[in-house]
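See structure below.
Residue numbers (our numbering): 874 to 1072.
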């Protein structure tokens, strides 16, 4: 395993070990494909380390059969790595008209309240807040509150947030931000999503 050397060593009074084990806030944003996929890859690493994982999906419908959900549920139940809890907070509302979806705004807020309770209880070591950038971008969940809660979380709770249009305040606060750009996509040529690639 290569040993990375930081370009800057901050004068924060922490030891190298303390700094290395500091809990992170990560954001995967941008218009390219792969934001959630990268977060679920991170969840696989966390599972292998024996970490309890909480997945909170804020956009994908509870009716959708997502491949990552099935795989991580099986792994979580195997007893070989960490536990995995999966929570769906919406009905696919990023792809429908928002005017008729006020109920989904309430569900997003309710989902955020559950995340806050779990953070306070230190329920998980990794939180995957999938598509959570959307409720913040739309003003359904207050960005300032999210940053304040994440800043004040205790223990070693890592949080990864995915979704397009991540708010600037969140991006500025996060420890790691990846902007997924699109160069080409089969849908641009009229090809619909397919099994094993999109789900």
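Each residue gets a CB set at the ideal place from its N, CA and C atoms; glycine is no exception.
A contact between stretches requires three or more CB pairs, one per stretch, nearer than 8 Å, and the region 885-893 fails this requirement with the region 984-1000. Per DSSP, residue 917 is one residue of the alpha helix (DSSP H) stretching across 908-921.
Checking the DSSP bridge columns, you'll see residue 927 partnered with 958, 1000.
The region 946-954 and the region 1025-1033 do not touch, with fewer than 3 CB-CB distances between them shorter than 8 Å.
Between residue 1040 and the set 908, 1064, 902, 896, the nearest pair of CA atoms involves 902. Contact between the region 916-923 and the region 981-991 is not established, with fewer than three Cβ pairs separated by less than 8 Å. The C-beta distance from residue 1050 to residue 932 rounds to 20 Å, too long to fall under 8 Å, and the pair is not in contact.
Here DSSP, grouped into helix, strand and coil, assigns residue 1060 to helix. Looking at the DSSP output, residue 901 shares a beta bridge with 1035, 1051.
Counting along the chain, the unbroken alpha helix (DSSP H) around residue 1043 starts and ends at 1041-1046.
Counting along the chain, residue 896 sits inside no alpha helix (DSSP H), nor does DSSP assign it H or E at all.
When C-alpha distances from residue 941 are compared across 909, 984, 905, the shortest belongs to 909.
For residue 961, the closest alpha carbon among the candidates 1052, 911, 985 is that of 985. Taken through DSSP and simplified to helix, strand or coil, residue 1022 comes out as helix. The three-state reading of DSSP puts residue 1016 in helix, counting H, G and I together. Of the other Cβ atoms in all chains shown, 16 or more fall within 10 Å of the Cβ of residue 981; this residue is therefore buried.
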